[in-house]
Amino acid sequence: MDISTLVDTYTIKAGDSVKVLVISAYEIEFKVSSVANNALTVQNDGLHVDISGKADKVASATAGHVASLDANGNLQDSGVVAANLVTTADIATNAEVTEMLGEVFED
598 MDISTLVDTY TIKAGDSVKV LVISAYEIEF KVSSVANNAL TVQNDGLHVD
648 ISGKADKVAS ATAGHVASLD ANGNLQDSGV VAANLVTTAD IATNAEVTEM
698 LGEVFED
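If you're matching positions, the sequence shown starts at 598 in our numbering and goes up one per residue.
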């Protein structure tokens, strides 16, 4: 279904930050927040989502490997095989950690 039959171009109604969206003859006013890092922007041709800060896929990733981050915060293949990691049975519960800490740091 072509969405242009449902949505008309919005126009500025009252002030720079207030926009109007017309859907099937219903006008809907909305504001786009100017808060830093807001990914929604208003352009002359419509609303846009800025995806420049999104995480990118790792081109050389291997299925079954654990993802990690590089020094810049970008995703990378860690080279660690997920199946070789400990199972949930090997992870201590909160109660077990509390008990161990109580033994180490006696009151």
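Ideal placement from N, C-alpha and C gives every residue a C-beta, glycine not left out.
Closest by C-alpha distance to residue i, when choosing among the options
| i | options | result |
| --- | --- | --- |
| Val663 | Asn641, Val683 and Gly699 | Val683 |
| Val629 | Ser621, Tyr623, Val646 and Leu666 | Val646 |
| Gly670 | Ile688, Ala656 and Gly650 | Gly650 |
Integer Cβ distance of residue i from residue j, believed to fall under 8 Å
| i | j | result |
| --- | --- | --- |
| Ala660 | Asp674 | Ala660 to Asp674, Cβ: 10 Å. No contact. |
| Leu672 | Ala652 | 5 Å |
Residue interval of the alpha helix (DSSP H) (run including residue i)
| i | result |
| --- | --- |
| Leu698 | Asn691 to Val701 |
Residue i (DSSP reduced to helix, strand or coil)
| i | result |
| --- | --- |
| Ile688 | coil |
| Ala664 | strand |
| Lys610 | At Lys610 the pLDDT is 45, less than 50, meaning the model places this residue with poor confidence; the figure from the coordinates comes in the next sentence. Three-state DSSP puts Lys610 in coil, outside helix and strand. |
Own chain partners of residue i with C-beta closer than 7 Å, once the 5 adjacent residues on each side are dropped
| i | result |
| --- | --- |
| Val677 | His662 and Val663 |
| Ala611 | Low local confidence applies: a pLDDT of 44 at Ala611 is under 50, so the model's placement there is unreliable, with the coordinate-based value given in what follows. So the list is empty, once near-sequence residues are dropped. |
| Leu644 | Leu637 |
Same chain, Cβ closer than 8 Å to residue i, five either side skipped, listed in chain order
| i | result |
| --- | --- |
| Leu698 | none |
| Lys654 | Leu672 |
| Ala679 | Gly661, His662 and Val663 |
| Leu666 | Leu672 and Gln673 |
Neighbourhood of residue i by C-beta, 6 Å cutoff - its chain only, sequence neighbours within 5 removed
| i | result |
| --- | --- |
| Thr695 | none |
Chain C contact for residue i (CB, 8 Å cutoff)
| i | result |
| --- | --- |
| Gln640 | The displayed structure is made up of one protein chain only, and chain C is not part of it. |
Residue span of the beta strand (DSSP E) that contains residue i, given as start and end
| i | result |
| --- | --- |
| Thr638 | Leu637 to Gln640 |
| Leu672 | Leu672 to Val678 |
Cβ-heavy atom distance, residue i to the ligand HEM, below 7 Å
| i | result |
| --- | --- |
| Phe702 | Among the ligands in the structure shown, none appear at all, so the ligand HEM cannot be discussed. |
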